[in-house]
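A.B. asks: One structure, as structure tokens, below. Some questions next.
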């Protein structure tokens with residue numbers, strides 16, 4: 005059966021899976037997750053990822069550095085699982101990942117660069133400008 009999911013459904017699938025994985029690894033999940041497919045990128049934004057203890061640490065520069073290092077290390081540990089979430093949902097290969105956490109806002113943003121333009125591979129635009137899923 006061909007894959008007829010919409011762009012929004014694929015983005016929601018990635019967001020939900022990212023929250024589940026984050027919750028499994030840290031014991032708590034972000035309060036909100038948004039995923040956006042833009043050409044050859046999948047951009048995932050997780051809000052309120054910092055624990056209360058981490059928020060306390062962000063009050064000084066050394067603590068901010070520790071929090072960033074911790075989140076970077078956790079991302080590296082989970083990197084393959086995170087890539088598999090994106091690859092499974094899109095059917096495309098992740099070529100690189102860029103990730104950072106803000107110690108000011110408590111947001112984490114990851115950009116997954118794919119091996120091809122997802123908007124071309126997964127969707128086509130109809131004559132009316134409506135995005136129509138492609139059969140995959």
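In the working numbering, the protein residues as written are 5 to 140.
For glycine and all other residues, C-beta sits at the position ideal for the given N, C-alpha and C.
1. Could you work out which residue in 37, 75 and 120 is closest to residue 20 when comparing CA atoms only?
2. Please return the same chain residues whose Cβ sits closer than 7 Å to the Cβ of residue 29, not counting the five positions on each side in sequence.
3. In whole angstroms, what separates the C-alpha of residue 16 from that of residue 60?
4. Whole angstroms is fine: what's the gap from residue 72's alpha carbon to residue 62's?
5. Sort 89, 98, 67 and 68 by Cα distance to residue 121 and report the nearest one.
6. Which stretch, first to last residue, makes up the alpha helix (DSSP H) that contains residue 94?
C.D. replies: Per the coordinate set shown:
1. Numbered from 1 along the chain shown, position 16 holds the residue referred to as residue 20. Per the Cα distances, 37.
2. In the chain shown, the residue the question calls residue 29 occupies position 25. Same-chain partners within the cutoff: 78 and 82.
3. Within the chain shown, numbered from 1, the residue matching residue 16 stands at position 12. Within the chain shown, numbered from 1, the residue matching residue 60 stands at position 56. Approximately 31 Å between the Cα atoms of the pair.
4. Counting from 1 along the chain shown, the entry for residue 72 is found at position 68. Counting from 1 along the chain shown, the entry for residue 62 is found at position 58. Computed Cα separation, rounded: 9 Å.
5. To locate residue 121, count along the chain shown from 1; it is residue 117. Of the listed residues, the one whose Cα sits closest to residue 121 is 98.
6. Taking the first residue of the chain shown as position 1, residue 94 is located at position 90. Where residue 94 is concerned, the enclosing alpha helix (DSSP H) stretches over 65-94.
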